[in-house]
Amino acid sequence: MPGIRHVVFDLGGVIIDLDTERSVRRFEEIGVTDARELLSPYQQKGIFLELENGRITFDGFCEKLSRHVGKALSKEAVAYCWKGFIADTPQYKLDYILGLRKRYGVYLLSNTNPVIMEWARSAGFTPAGRPVTAYFDKIYASYEVGITKPDPRIFEFMFQDAGMIPSESLFIDDGKKNVDVAASLGMKAYQPGNGEDWRGAVDQLL
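Quick note on my numbering: the sequence shown kicks off at -17 and runs consecutively.
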């Protein structure tokens, strides 16, 4: 029986602690009265989903959102609302991931958007001043691939691109549907809670 060779992490709720309420409040404050129905820590709806699956650009999202609320919204104001999701990036988790890279291929598979990833790919991502790209062999961002989890096609894309065998791969994601799909495709999967210290659980699974 082959062992685990690849470890795949979700970003929000696993690497980053999320504050969905704060993001919802910020969008409500700029006039998105239905923000609570459209926003989710797992998969967005409506134009929010269109941004995360790459069907529209951030500029296009701002234009559509402006029409949705009936007034012009600046890109800065909209980006501020999206960044409300970001509560904390615990450095201990990233240090653990660096340790994993000595023995495994380590990847990021995330439903995310250009605002979050621009921040994540900057030195402001961590207290150590290193971007997210310093911690993973490759990043699969939904808006860049053009598919969001839990659609099996984003997993299949990653398997092919990374040369990854599902049965030799561990997937860590806080979304139940995502974990269920990963398991159905043959991956070993674990669902931590938002903000959980999952290092011990991952050690056991490896």
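Quick reminder that beta carbons are idealized off the backbone N, C-alpha and C, glycines included. Quick caveat: nothing in here was measured; it's all calculated off a predicted structure.
Next item on the list: Take every Cβ of the stretch 175 to 184, pair it with every Cβ of the stretch 39 to 53, and state whether three or more of those distances are shorter than 8 Å.
Entry: no
Next item on the list: Indicate whether the contact test is met: 3 or more Cβ pairs, each with one atom in the stretch 136 to 146 and one in the stretch 109 to 127, closer than 8 Å.
Entry: yes
Notebook entry, point to check: Who pairs with H(-12) in a beta bridge, going by DSSP?
Noted result: For the purposes of this step, residue -12 is taken as the residue at position 6 of the sequence shown. G87, S151.
Next item on the list: Could you pull the start and end residues of the alpha helix (DSSP H) that I29 belongs to?
Entry: One-based indexing of the sequence shown puts residue 29 at position 47. Taken as a continuous stretch (DSSP letters only), the alpha helix (DSSP H) holding I29 covers 28 to 34.
Item checked: Neighbourhood of Q73 by C-beta distance below 7 Å, restricted to the same chain and skipping five residues each side -> Stepping through the sequence shown from its first residue, residue 73 is reached at position 91. Cβ neighbours of Q73 beyond the five flanking positions: T108, P109, A110.
Note to self: Quick check: what's the CA-CA separation for A171 versus R181?
What the structure shows: To locate residue 171, count along the sequence shown from 1; it is residue 189. To locate residue 181, count along the sequence shown from 1; it is residue 199. Taking the straight line from one Cα to the other gives about 14 Å.
Notebook entry, point to check: Identify the residues that DSSP records as bridge partners of D(-1): which are they?
Noted result: Within the sequence shown, the letter at position 17 stands for residue -1. Its beta-bridge partners are D70.
Check: Among D162, A165, E126, which residue has its Cα nearest to the Cα of E34?
Finding: As a first step, residue 34 must be located in the sequence shown, where it is residue number 52. For the residues D162, A165, E126, the minimum Cα distance to E34 belongs to E126.
Margin query: Count Cβ pairs between the stretch -4 to 16 and the stretch 64 to 80 that sit closer than 8 Å; are there 3 or more?
Written below: yes
Notebook entry, point to check: So, using beta-carbon positions, are L76 and F(-9) closer together than 7 Å?
Noted result: Counted from its first residue, the sequence shown places residue 76 at position 94. Counted from its first residue, the sequence shown places residue -9 at position 9. Going by C-beta atoms, L76 is not nearer than 7 Å to F(-9).
Item checked: Top-ranked residue by Cα proximity to D156, from P96, Y24, A54 -> Here residue 156 is taken as the residue at index 174 of the sequence shown, counted from 1. The residue with the shortest Cα to Cα distance from D156 is Y24.
Notebook entry, point to check: Are A102 and V114 touching if we call contact CB-CB under 7 Å?
Noted result: As a working mapping, residue 102 is identified with position 120 in the sequence shown. As a working mapping, residue 114 is identified with position 132 in the sequence shown. In contact: A102 and V114 (Cβ atoms closer than 7 Å).
Margin query: Check for me: the alpha helix (DSSP H) holding A183 runs from which residue to which?
Written below: Counting from one through the sequence shown, the residue named residue 183 turns up at place 201. Segment 181 to 187, the alpha helix (DSSP H) holding A183.
Checklist line | Burial state of G(-15), where buried means 16 or more other Cβ atoms lie within 10 Å | finding: Walking along the sequence shown from the start, residue -15 turns up at place 3. Looking at its Cβ environment, which holds fewer than 16 other Cβ atoms inside 10 Å, G(-15) is exposed.
Notebook entry, point to check: DSSP on Y117, reduced to helix/strand/coil?
Noted result: Your numbering for residue 117 matches position 135 in the sequence shown. DSSP places Y117 in coil when its eight states are reduced to three.
Notebook entry, point to check: Are V194 and I136 touching if we call contact CB-CB under 7 Å?
Noted result: Lying outside -17 to 188, the shown extent of the chain, residue 194 is not represented and no answer is given.
Item checked: Inter-residue Cα distance where the pair is K159 and A61 -> Indexing the sequence shown from 1 puts residue 159 at position 177. Indexing the sequence shown from 1 puts residue 61 at position 79. Looking at the two C-alpha atoms, the distance is approximately 27 Å.
Check: Is the beta carbon of K131 less than 7 Å from the beta carbon of N93?
Finding: As a position in the sequence shown, residue 131 is number 149, starting the count at 1. As a position in the sequence shown, residue 93 is number 111, starting the count at 1. In contact: K131 and N93 (Cβ atoms closer than 7 Å).
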